[in-house]
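Number 132 in my numbering belongs to position 127 of the sequence shown; there are no gaps in the numbering.
Down below is the structure, laid out as structure tokens.
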Amino acid sequence: MKKLLTLLIAVAAVFAFAGCAGDTRGGTTKSVGGGYTICYAFTVGDDVMTVGENTSLKDYMEALKDGGKLDFKGADGDYGYYVTEILGVGSVTVSSTANSYAGYDWYVYTTLTTLDGVLYSTDEQVTYNGLTLYKSSYGVSNLPCVKGQSYAFVYSYAEMSF
């Protein structure tokens with residue numbers, strides 16, 4: 006019964022994700038292998054808002070949302086605001102215990118690796134439209150938004166033990 010429930014949840018997650026392809030609102034949906042699918046990607050420019058020294062990625066996302074180009078939800082966590090849903094596709098927990106987690110979640114990848122001596126990304130990477138993007142180690146409220154840098158929201162499956 007537990008295996009059947011896990012399978013049903015996984016199938017539901019796949020069908021939920023299919024909605025991403027139909028409504029990217031200026032973003033892009035593309036499978037990039039390894040179980041990753043980029044659902045919304047952009048390069049920061051002044052066309053959405055004027056980006057300043059203290060602009061966070063969340064600020065830019067709010068401007069995209071206000072302009073009808075991005076729909077998202079999230080929650081505050083230990084490292085800032087984390088995206089839990091984009092364009093109606095939300096995180097899906099497949100299994101969770103006190104010591105482990107498995108499920109589908111949103112992750113931010115970016116071309117921004119370091120800024121002013123601060124490391125903002127891990128070594129995990131995807132290649133998208135000729136760009137190498139690195140997995141962010143920060144929530145979007147603590148991730149700087151820098152003109153000319155690219156950001157992508159990636160929906161993928163992960164298993165973790167703590």
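Glycine included, C-beta positions come from ideal geometry on N, C-alpha and C.
Beta carbon of residue 79, beta carbon of residue 151: below 9 Å? What you label residue 79 is simply residue 74 of the sequence shown in a count that begins at 1. What you label residue 151 is simply residue 146 of the sequence shown in a count that begins at 1. At the C-beta level, residue 79 and residue 151 stay beyond 9 Å of one another.
Since I believe residue 142 is in contact with residue 125 (beta carbons under 8 Å), could you give me their beta-carbon distance rounded to a whole number of angstroms? As a working mapping, residue 125 is identified with position 120 in the sequence shown. As a working mapping, residue 142 is identified with position 137 in the sequence shown. Confirmed, Cβ separation roughly 6 Å.
Counting beta carbon pairs with one atom in the segment 85-98 and one in the segment 115-132, are three or more of them shorter than 8 Å? Here the segment 115-132 makes no contact with the segment 85-98; the two share fewer than three CB pairs at distances below 8 Å.
Taking residue 152 as part of the beta strand (DSSP E), name the residues at either end of that continuous run. The count along the sequence shown starts at 1 and reaches residue 152 at position 147. Note, residue 152: premise wrong, no beta strand (DSSP E); not H, not E.
Let's see if you can read the secondary structure: which residues bound the alpha helix (DSSP H) around residue 69? Position 64 of the sequence shown holds residue 69. Note, residue 69: alpha helix (DSSP H), 62-71.
When the Cα of residue 45 is compared with those of 104, 69 and 55, which residue comes out closest? In the sequence shown, residue 45 corresponds to position 40, counting from 1. With distances taken between Cα atoms, residue 45 lies closest to 69.
Can the beta-carbon of residue 156 be found closer than 9 Å to that of residue 62? As a working note, residue 156 is residue 151 in the sequence shown. As a working note, residue 62 is residue 57 in the sequence shown. Yes, the pair counts as a contact, with Cβ atoms nearer than the cut-off.
Got a sec? Which residues, its chain only, sit under 7 Å from residue 64 by beta carbon, not counting five neighbours each side? Along the sequence shown, one-based indexing puts residue 64 at 59. So the qualifying residues of the chain are 150.
Beta-carbon within less than 6 Å of residue 72's beta-carbon, same chain only, minus the 5 sequence neighbours each way: which residues are those? As a position in the sequence shown, residue 72 is number 67, starting the count at 1. Contacts found: none.
Taking 9 Å as the threshold (C-beta atoms), are residue 106 and residue 100 in contact? Taking the sequence shown and counting its residues from 1, the one referred to as residue 100 is at position 95. Taking the sequence shown and counting its residues from 1, the one referred to as residue 106 is at position 101. Yes, the pair counts as a contact, with Cβ atoms nearer than the cut-off.
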